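S.K.: Before I ask anything, let me first share the structure, which is written out below as structure tokens.
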Amino acid sequence: MGAGLVLLLAKSAVELNKMVELRKQMEILLTDIRNEIDHKKDVSFSVAESKTALISHSDCYEYGSISNCISYKFSESAENAVRDNTGGGKDRMEEELLEVELERLRLNVEEKNSSVHLRQDETEEKHYSGGNELAEEQSPPHSGVSARELERRLHELLETRQKERIAELESALECAERDLREKEREISWWRRSARLVSQHREEKLL
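And the structure:
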């Protein structure tokens, strides 16, 4: 019986060591995620620098339309910013999410530009027909989502994903700590049992 207790005690010690190692890994991973949040400002700054390129009409004409230009240049700037400010394969998820969000924004831009072009055609028809409503159409229509709005949405998306990852890691860390405490109590119980068995055997020998 004493040998069985010693064996169980040894197994419990191994499990405890595994839990301690798991806890260390979770703490390191949680620290890395929090460091990524500190780098988000750099990502936003890099995206902000791309706004000048977004409003360049000469570059837009090379891509055929303003919507395509905004979609292409903003996607390129955002992806470069993410690659420059994050490291390793663990950030692939953020890049994929950004690509999905940027694609959605691109579709919104194209949809809004379609309505803009329709309004422009109507304005031209009124102009050629000699109508009196030309003065009301002098102000240029809004050409889709602005670069500032795209930047804001990108920043909100990054912040939301980072907060979700931190919440998941903190929950996993709490579970690991709870399991660790249970293992410690179990090992403490086996140690007390082993001491009692040892004392009982010594008393019998005496």
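Taking my numbering, the leading residue of the sequence shown gets 114, the next gets one more, and so forth.
Cβ atoms here follow ideal geometry from the backbone N, Cα and C, with glycine treated the same way.
Here the structure is a predicted model, which means the values were calculated and not measured.
#1: By DSSP, does residue 311 sit in helix, in strand, or in coil?
#2: Rounding to the nearest angstrom, what Cα-Cα distance links residue 288 and residue 297 in this structure?
#3: Please classify residue 264: is it buried, with 16 or more other beta-carbons within 10 angstroms of its beta-carbon, or exposed?
#4: Skipping 5 residues on each side, what residues in its chain have a beta carbon closer than 8 angstroms to that of residue 300?
#5: Look at residue 275 and residue 146 and say whether their C-beta atoms are less than 9 angstroms apart.
#6: Is the Cβ-Cβ distance between residue 133 and residue 293 less than 9 angstroms?
#7: State the Cα-Cα distance for the pair residue 291 and residue 312, rounded to the nearest angstrom.
#8: Taking the C-alpha atoms as reference points, what is the distance between residue 280 and residue 135?
#9: Could you have a look at residue 259 and say whether DSSP puts it in helix, strand or coil?
M.R.: Checking against the coordinates, here is how it stands:
#1: On the sequence shown, residue 311 is found 198 positions in, with the first residue counted as 1. Helix.
#2: Reading the sequence shown from its first residue, position 175 is the one you call residue 288. Reading the sequence shown from its first residue, position 184 is the one you call residue 297. Looking at the two C-alpha atoms, the distance is approximately 14 angstroms.
#3: The residue given as residue 264 occupies position 151 in the sequence shown. Buried, by the Cβ-count rule.
#4: As a working note, residue 300 is residue 187 in the sequence shown. 122, 125, 126, 129.
#5: On the sequence shown, residue 275 is found 162 positions in, with the first residue counted as 1. On the sequence shown, residue 146 is found 33 positions in, with the first residue counted as 1. Cβ atoms of residue 275 and residue 146: closer than 9 angstroms.
#6: The sequence position of residue 133 within the sequence shown is 20, counting from 1. The sequence position of residue 293 within the sequence shown is 180, counting from 1. Yes, these two residues count as a Cβ contact at 9 angstroms.
#7: For the purposes of this step, residue 291 is taken as the residue at position 178 of the sequence shown. For the purposes of this step, residue 312 is taken as the residue at position 199 of the sequence shown. Cα to Cα, the separation comes out at about 32 angstroms.
#8: As a position in the sequence shown, residue 280 is number 167, starting the count at 1. As a position in the sequence shown, residue 135 is number 22, starting the count at 1. The alpha-carbon atoms of residue 280 and residue 135 are separated by roughly 17 angstroms.
#9: The residue given as residue 259 occupies position 146 in the sequence shown. Three-state result, residue 259: coil.
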